[in-house]
């Protein structure tokens, strides 16, 4: 059988944890227990962290195999992993910048779901412009003391560890460093944020005199920008898998419209146009990987921009076409419509991506600060 056939057979025959749903890239508090158990099952059968090297428990999976696995998970209605942060972001970054001790300590627990990670990058005054983060880590003896605030941190309420971007030196990129942070450390306060879709996956995180061991530093002091951009590159690389969710959203939109006798020729044409855009997005993602595009480069800005605005347009079409006919019902399509515009903000705004493309690809002058 092909790899896809093997995956499909596994997903439809393996025992699923009670309460497991396809909760997306980040589990809500109510999904964490089932998500951890599911990650352990994936690891046991060789389907956890497919893209990792075999020496770290992965399968050196190709882009096509990763896409097939994501698609089959979507069809089966299960998440492809516990969370995006540990397997997709932290793991590859540790392999590139971490010490042998950090890799031995963290990677096996990420792969099996024993540890859940969050990403501590964005701040109230520093979202897309990460080079301006103000959370400080100052040296105290051989260790560090952290003070500051982060926001929009997905999954922080239930995370065991966080990947922290903090200022250890002067202004700009050269003054940044990255740390692993035990989220149970004294001085950390996590405050969940209630979202318009009813979930609380985002959080504010406050640091007050948080002490970190020397071993918490990832990479070099002042090398945080390189680590951060590699992390964002991995995050945008995984955006290609979102095409699966978009295909599902379009199918739900078409089905709901048909149920309410709203599927006319105009709506069918609009759905078809978006369906074609999703296929183009998926092709762009695969081409960027095949061409060896560097994380944080212009290719990934194109990918991020296409993904965000396609998500938004699918949500907008659902609202304009269905209106209260859909919003009166409790179904996944409603949440997709509610969070559609958020996709153009999180992970780097569409405006920032356009600036990057204007400067790095078209050679236009930098915009005013």
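In UniProt numbering, the protein residues as written are 1 to 369.
Note that beta-carbon positions come from the ideal geometry of N, C-alpha and C, so glycine has one too.
All of these numbers come straight from a predicted model, not from anything done at the bench.
Just verifying my parser: in three-state terms, what is the DSSP assignment at residue i?
i           : result
residue 166 : strand
residue 52  : coil
residue 291 : coil
residue 23  : coil
residue 176 : strand
residue 275 : helix
residue 181 : strand
residue 123 : strand
residue 217 : strand
Assuming residue i contacts residue j (C-beta within less than 8 Å), just tell me the rounded distance between them.
i           : j           : result
residue 97  : residue 165 : That belief does not hold up - the Cβ atoms of residue 97 and residue 165 are roughly 13 Å apart, past 8 Å.
residue 338 : residue 152 : The pair is not a contact, with the Cβ atoms about 16 Å apart (cut-off 8 Å).
residue 298 : residue 360 : 5 Å
residue 252 : residue 333 : 4 Å
residue 286 : residue 63  : 6 Å
If you compare alpha carbons, which of the options is closest to residue i?
i           : options               : result
residue 17  : 31, 124, 246 and 89   : 31
residue 130 : 10, 262, 348 and 210  : 348
residue 231 : 222, 163 and 356      : 163
residue 149 : 105, 224 and 136      : 136
residue 41  : 100, 111, 60 and 104  : 111
residue 210 : 6, 157 and 146        : 146
residue 302 : 315, 313, 283 and 318 : 283
residue 67  : 26, 87, 99 and 4      : 4
residue 309 : 353, 291, 272 and 35  : 353
residue 156 : 184, 126, 104 and 12  : 184
residue 132 : 11, 168, 62 and 64    : 168
residue 154 : 173, 25, 21 and 363   : 25
residue 316 : 267, 92 and 358       : 267
For the alpha helix (DSSP H) containing residue i, name the first residue and the last one.
i           : result
residue 203 : Run containing residue 203: none in the alpha helix (DSSP H); it sits in the beta strand (DSSP E), 203 to 212.
residue 41  : 32 to 44
residue 91  : 91 to 97
residue 192 : Counting along the chain, residue 192 falls outside any alpha helix (DSSP H), though it belongs to the beta strand (DSSP E) covering 188 to 192.
residue 313 : 298 to 322
residue 63  : 63 to 76
residue 258 : 242 to 259
residue 382 : This structure cannot settle anything about residue 382, because the visible part of the chain is limited to 1 through 369.
residue 59  : No alpha helix (DSSP H) holds residue 59; DSSP gives it neither H nor E.
residue 102 : 100 to 112
Could you pull the start and end residues of the beta strand (DSSP E) that residue i belongs to?
i           : result
residue 137 : 136 to 140
residue 357 : Here residue 357 belongs to no beta strand (DSSP E); instead the alpha helix (DSSP H) covers 350 to 360.
residue 12  : Where residue 12 is concerned, there is no enclosing beta strand (DSSP E), although the alpha helix (DSSP H) it sits in stretches over 3 to 13.
residue 146 : 143 to 150
With a threshold of 8 Å between beta carbons, is residue i in contact with chain B?
i          : result
residue 89 : Absent here is chain B; the protein component of the structure consists of one chain.
Can residue i be considered in contact with the ligand ZN, in the sense that its beta carbon sits closer than 7 Å to one or more heavy atoms?
i           : result
residue 258 : As for the ligand ZN, it is missing from this structure, which has no ligand bound.
Would you call the region 178 to 185 in contact with the region 207 to 223, where contact means no fewer than 3 C-beta pairs closer than 8 Å? yes
The region 336 to 344 contacting the region 274 to 290, beta-carbon criterion three pairs below 8 Å: no
At least 3 beta-carbon pairs within less than 8 Å: the region 104 to 119 vs the region 74 to 83: yes
Would you be able to state if there are at least three C-beta pairs under 8 Å between the region 203 to 211 and the region 183 to 190? yes
Is it the case that the region 254 to 262 contacts the region 308 to 324, given that we only count it when at least three CB pairs across the two stretches are under 8 Å? yes
Given 8 Å, three or more beta-carbon pairs between the region 220 to 230 and the region 37 to 55: no
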